[in-house]
Amino acid sequence: MQSKQAPNTSRPKLLLLDPYPRDNPYHMTASERRSIWFPKLSLPVIAAYTPASWDIELVDEATADINFETPCDLVGLSVMTCYAPRAYEIADEFRARGKKVVLGGVHPTYCPDEALQHCDAIVCGEAEDLWPQVVADVEAGTLKRIYRMDQFPVLNDYKPPRIELLSPDSYMTRLCSFTTRGCHFDCEFCSVSPFNGKTTRRRPVPEVIAELRHAKEWLRSDIVERMTQGSLLNALSTSLKIWVGLEEGSIVAFVDDLHNSHRAYCRELWEALKALNIKWGCQSTMFLGDDPEMVKLAADSGCVSVFVGLESLSEDSLGETNKGFNQVRKFEDQIKMFHDHGIMVNPGIVFGFDNDDESVFETTINFLTRNKLELAYFNVLTPLPGTALFERYKQEGRIFDHDWAKYDGKHVVFTPKRMTPEQLQEGFFWANHEFYSWPCIWKRVMHTSQRLIPRLEMNWEFRKLVRRSTPKGQLSPLADVLKNLQAKLPTFETQQLIPSALFPQASQAAKKQELCLNVKARRHDAFAALFIELEGTLDHLNARELLVRIKQAAQDAKMDIVVNFEHLKQATPKAIHTLLDGELLKAITPHANLRYRKLKEAFQTTIADLPLGDWDIFEESPSYA
Numbered sequence: 003m004q005s006k007q008a009p010n011t012s013r014p015k016l017l018l019l020d021p022y023p024r025d026n027p028y029h030m031t032a033s034e035r036r037s038i039w040f041p042k043l044s045l046p047v048i049a050a051y052t053p054a055s056w057d058i059e060l061v062d063e064a065t066a067d068i069n070f071e072t073p074c075d076l077v078g079l080s081v082m083t084c085y086a087p088r089a090y091e092i093a094d095e096f097r098a099r100g101k102k103v104v105l106g107g108v109h110p111t112y113c114p115d116e117a118l119q120h121c122d123a124i125v126c127g128e129a130e131d132l133w134p135q136v137v138a139d140v141e142a143g144t145l146k147r148i149y150r151m152d153q154f155p156v157l158n159d160y161k162p163p164r165i166e167l168l169s170p171d172s173y174m175t176r177l178c179s180f181t182t183r184g185c186h187f188d189c190e191f192c193s194v195s196p197f198n199g200k201t202t203r204r205r206p207v208p209e210v211i212a213e214l215r216h217a218k219e220w221l222r223s224d225i226v227e228r229m230t231q232g233s234l235l236n237a238l239s240t241s242l243k244i245w246v247g248l249e250e251g252s253i254v255a256f257v258d259d260l261h262n263s264h265r266a267y268c269r270e271l272w273e274a275l276k277a278l279n280i281k282w283g284c285q286s287t288m289f290l291g292d293d294p295e296m297v298k299l300a301a302d303s304g305c306v307s308v309f310v311g312l313e314s315l316s317e318d319s320l321g322e323t324n325k326g327f328n329q330v331r332k333f334e335d336q337i338k339m340f341h342d343h344g345i346m347v348n349p350g351i352v353f354g355f356d357n358d359d360e361s362v363f364e365t366t367i368n369f370l371t372r373n374k375l376e377l378a379y380f381n382v383l384t385p386l387p388g389t390a391l392f393e394r395y396k397q398e399g400r401i402f403d404h405d406w407a408k409y410d411g412k413h414v415v416f417t418p419k420r421m422t423p424e425q426l427q428e429g430f431f432w433a434n435h436e437f438y439s440w441p442c443i444w445k446r447v448m449h450t451s452q453r454l455i456p457r458l459e460m461n462w463e464f465r466k467l468v469r470r471s472t473p474k475g476q477l478s479p480l481a482d483v484l485k486n487l488q489a490k491l492p493t494f495e496t497q498q499l500i501p502s503a504l505f506p507q508a509s510q511a512a513k514k515q516e517l518c519l520n521v522k523a524r525r526h527d528a529f530a531a532l533f534i535e536l537e538g539t540l541d542h543l544n545a546r547e548l549l550v551r552i553k554q555a556a557q558d559a560k561m562d563i564v565v566n567f568e569h570l571k572q573a574t575p576k577a578i579h580t581l582l583d584g585e586l587l588k589a590i591t592p593h594a595n596l597r598y599r600k601l602k603e604a605f606q607t608t609i610a611d612l613p614l615g616d617w618d619i620f621e622e623s624p625s626y627a
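So that you can map any letter, position 578 of the sequence shown is 580 in our numbering, and since no number is skipped, the others follow by simple counting.
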């Protein structure tokens, strides 16, 4: 780690800026940042790859104001999509003052023509191999418009990020590092694989350990120096924070996109971390929780917290976004495995997948509370430029808002499939307030005494942020109706299964335990109806349960109900009889009109033998798409 260099007017100066809109409602207070926020490493890395002949100043606008009068020879900004409008404002102001401005990061990489309107040059892709050339061209007066990465940088002999340039007392920790780059998964909504590659590059473990040892020693000396120079009260306060785990540097943050991507590498790294006697957190997959040996090793090496991309409790939603490797049925056991080893589990949750409806918010909060998840980060699904999701939604004409400032995971910028944009936005607001309410915090956090004070403090600061920045939000009255309708009901009767005529090749060889009826429901505004989709296998037991749920929904919603059999693979004759039982239907019809769609087409032979009387329940015409 390089030491701070004294300013010298004879030396060129680089001003590195991390933009953050000052009027952003989610702008954190100092105490919130110190509890729940840590810096991005992009600019400290750029600083490390800047020639030693340059002076460097780094300003994170989330923690300090930008002084546009700062003397400098070059201005560099790292630009995320949601901060692009603010970055352009800053760049335009510095250019108006005659300064050279270079933009880099994910947004200029995927929107180069737009970014070039506001700067002198852009850097596309990872910048380590490009930046020394950019600086050399600035010195020579030959700055090009575009610098594009030809290949991913090699992570051997990597220069440690210059975290000493970050503002003290502004983050949960400045002890941030990374061990890997890239992700071999291909989640539709994520820009990591397109930007950092679909293979994982790894830093040599000895280099990581040497960097952390040096950084730990530096931060310790920095804290001691500030304690000796301050008041006695400040020194005592800092000592107390260190003891309870609240002081900056109490935890090392690995900011890898996927820290546990390689088992053998993690084993080597975590064994080596034991000697450092540190506490650390990282971003991990859920399926690490399937491996008790590795979870124990992580805990023994100092792991106290993992951020996991849970995303959704719907297997269909995970499948649609290419994240089927997350297995919902294992979530509870995986969480318990982490908790049994004293590791906090902080999931990222995304609302707005095509399979999400108004019930997703309450269902998710109930799951998180029941499993005592210490923290949660809620986001609205966002089609970021550079992702497959952006291209799909663009082709489908579903993106209605192109204000990049709203691409922060907090605003709805597209049309969902199973609810309105307003319902998605309100549900997101409601989930934040519900999760960080005092009753919910108490249920989630008080299950263990391990690092209890830091856990309470983080929840307290998140609660403050949510209450200040986020409207309360209200769930739709239909949320409970939809939640109670949807289910995966087991199939027990397997002897007389009749394939649907719409699925003539339905498998008859499926194992008994694999047979079930999947019931999905959504509001269909165009027809003012509840639309129920059936998938899988129907027998008379789950058919009767289905009618019980439909009756309750009819009583609560007072809306027409359409049951679609188009995707049902097979059923028993007794199940069809149950669905057409006059006595059961009588209990429903006083509350709502019930229609069966595609039932005749699917099981005509069975239905033809039934005396239907005056029942008019078949609906074949509307598309309900």
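Glycine included, every Cβ here is placed at the ideal spot set by N, Cα and C.
Roughly how many whole angstroms lie between the Cα atoms of residue i and residue j?
{"i": "Ala511", "j": "Asp318", "result": "The predicted position of Ala511 is uncertain, since its pLDDT is 49 and thus under 50; no value can be drawn from it."}
{"i": "Glu398", "j": "Thr52", "result": "43 Å"}
{"i": "Pro418", "j": "Asn544", "result": "30 Å"}
{"i": "Glu621", "j": "Leu587", "result": "15 Å"}
{"i": "Ala64", "j": "Lys338", "result": "35 Å"}
{"i": "Lys571", "j": "Cys284", "result": "43 Å"}
{"i": "Val382", "j": "Phe363", "result": "11 Å"}
{"i": "Ala508", "j": "Ser502", "result": "The pLDDT assigned to Ala508 is 48, lower than 50, so where the model puts this residue is not dependable, and the model offers no usable value."}
{"i": "Leu17", "j": "Cys126", "result": "19 Å"}
{"i": "Tyr409", "j": "Ala66", "result": "23 Å"}
{"i": "Leu519", "j": "Ala577", "result": "12 Å"}
{"i": "Asp583", "j": "Trp406", "result": "55 Å"}
{"i": "Ser33", "j": "Gln427", "result": "27 Å"}
{"i": "Lys602", "j": "Thr608", "result": "9 Å"}
Using CA coordinates, which residue listed in the options is at the minimum distance from residue i?
{"i": "Asp482", "options": "Gly350, Val108 and Gln557", "result": "Gln557"}
{"i": "Phe353", "options": "Gly321, Glu313 and Lys374", "result": "Glu313"}
{"i": "Ile38", "options": "Leu45, Ile211 and Tyr28", "result": "Tyr28"}
{"i": "Asn328", "options": "Phe289, Asp342, Ala301 and Leu271", "result": "Phe289"}
{"i": "Thr422", "options": "Arg525, Pro134 and Trp220", "result": "Arg525"}
{"i": "Tyr85", "options": "Leu19, Phe187 and Ala32", "result": "Leu19"}
{"i": "Phe309", "options": "Thr323, Tyr379 and Lys412", "result": "Tyr379"}
{"i": "Val347", "options": "Asp562, Lys200 and Arg446", "result": "Arg446"}
{"i": "Arg453", "options": "Ser252, Asp139 and Leu157", "result": "Ser252"}
{"i": "Val424", "options": "Ser478, Glu376 and Gly411", "result": "According to the sequence shown, residue 424 is Glu rather than Val. Among Ser478, Glu376 and Gly411, the Cα nearest to that of Glu424 is on Ser478."}
{"i": "Leu532", "options": "Ser44, Gly538 and Ala555", "result": "Ala555"}
{"i": "Lys101", "options": "His120, Pro114 and Tyr112", "result": "His120"}
{"i": "Asn566", "options": "Asp358, Lys600, Ser471 and Asp541", "result": "Lys600"}
{"i": "Glu334", "options": "Asp358, Phe187 and Leu375", "result": "Leu375"}
{"i": "Asp139", "options": "Gln153, Ile345 and Ile124", "result": "Ile124"}
{"i": "Lys466", "options": "Ile165, Trp440 and Ala217", "result": "Trp440"}
{"i": "Glu322", "options": "Arg331, Cys189, Trp462 and Ser233", "result": "Cys189"}
State the CB to CB distance for the pair residue i and residue j, rounded to an integer number of angstroms; the pair is presumed to be in contact (CB under 8 Å).
{"i": "Ile619", "j": "Ala573", "result": "No, Ile619 and Ala573 are not in contact; Cβ-Cβ is about 16 Å, not under 8 Å."}
{"i": "Pro196", "j": "Gly388", "result": "5 Å"}
{"i": "Val257", "j": "Lys281", "result": "No, Val257 and Lys281 are not in contact; Cβ-Cβ is about 16 Å, not under 8 Å."}
{"i": "Tyr160", "j": "Glu209", "result": "6 Å"}
{"i": "Phe40", "j": "Thr175", "result": "6 Å"}
{"i": "Glu401", "j": "Val414", "result": "The sequence given here has Ile at residue 401, not Glu. With a Cβ gap of about 11 Å, Ile401 and Val414 do not count as contacting."}
{"i": "Ala523", "j": "Leu487", "result": "4 Å"}
Bridge partners of residue i, per DSSP?
{"i": "Gln452", "result": "Gln452 is not bridged to any residue."}
{"i": "Glu537", "result": "Asn520"}
{"i": "Gly106", "result": "Ser80 and Val125"}
{"i": "Ile148", "result": "Ile124"}
{"i": "Trp282", "result": "Val254 and Cys305"}
{"i": "Asn566", "result": "Glu535 and Arg599"}
{"i": "Phe620", "result": "Tyr598"}
{"i": "Lys15", "result": "Asp57"}
{"i": "Leu491", "result": "Leu519"}
{"i": "Ile351", "result": "Glu313 and Phe380"}
Is residue i near residue j, with beta carbons less than 8 Å apart?
{"i": "Leu491", "j": "Glu568", "result": "no"}
{"i": "Phe355", "j": "Ser303", "result": "no"}
{"i": "Phe431", "j": "Lys474", "result": "yes"}
{"i": "Leu177", "j": "Ala255", "result": "yes"}
{"i": "Pro170", "j": "Asp224", "result": "yes"}
{"i": "Leu1", "j": "Ala49", "result": "The question about residue 1 has no answer, for the chain in this structure spans 3 to 627."}
{"i": "Val81", "j": "Gly106", "result": "yes"}
{"i": "His264", "j": "Thr201", "result": "no"}
{"i": "Leu536", "j": "Val521", "result": "yes"}
{"i": "Pro155", "j": "Glu116", "result": "no"}
{"i": "Asp259", "j": "Asn198", "result": "yes"}
{"i": "Arg99", "j": "Phe70", "result": "yes"}
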